[in-house]
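Numbering (our numbering), first residue to last: -8 to 129.
Below is one structure, written out as structure tokens; the observations come after it.
Shown next as structure tokens:
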């Protein structure tokens, strides 16, 4: 069996991170190696832990997910899955143009999150079906 995918969860809502962590770890082929509540924390943890994938919220206090993702991708150490509540354009396009490998909305199914993790690990891209609310600003 190959090593599990190492995941860093980045979201300012602890309850949300706990739910995603439980989902990921129940799957068995992935493990959460760290959690961050801000972009600043994410940068520190990516440097220290070198996770395979960061599941990153777009909107957080302080440094948001867009800027944190830009900096992480510039380092080339981890892949990014953006997980946010907004589905409207141009946000998904901008995140993917930045270099994120996937864009999911928070109303996606548990299976979609697991599938996206594995697709991104294989070098593929993933995108939500877009049921979340509209109104995000890029």
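Ideal placement from N, C-alpha and C gives every residue a C-beta, glycine not left out.
All figures in this text were calculated on a predicted structure; none of them were measured in a lab.
- Rounded to the nearest whole angstrom, the CA to CA distance from residue 110 to residue 45 is 14 Å.
- For the options 73, 22, 89, the alpha carbon positioned closest to that of residue 118 is the one of 73.
- DSSP places residue 31 in the helix class (H, G or I) of the three-state scheme.
- Using a C-beta cut-off of 8 Å, the stretch 58 to 70 makes no contact with the stretch 9 to 26, since fewer than three inter-stretch Cβ pairs fall below that distance.
- The beta-carbon distance between residue 29 and residue 3, rounded to whole angstroms, is 6 Å. This is short enough to meet the 8 Å contact definition.
- Judged by beta-carbon spacing, residue 42 lies within the 8 Å limit of residue -2, meaning their Cβ atoms are closer than that value.
- With respect to the 8 Å criterion, residue 65 and residue 47 are not classified as neighbours on the basis of their beta carbons.
- Residue 111: not part of any beta strand (DSSP E); member of the alpha helix (DSSP H) spanning 101 to 112, first to last residue.
- Residue 52 and residue 18 have their alpha carbons spaced roughly 30 Å apart.
- The beta carbon of residue 27 sits closer than 6 Å to those of 1, 33, 36, all from its chain and outside the five residues before and after it, given in chain order.
- CA-to-CA, the gap between residue 39 and residue 63 works out to about 12 Å.
- Exclusion of the five residues before and after residue 31 leaves 53, 54, 59 as the residues of its chain whose Cβ lies within less than 8 Å of its Cβ.
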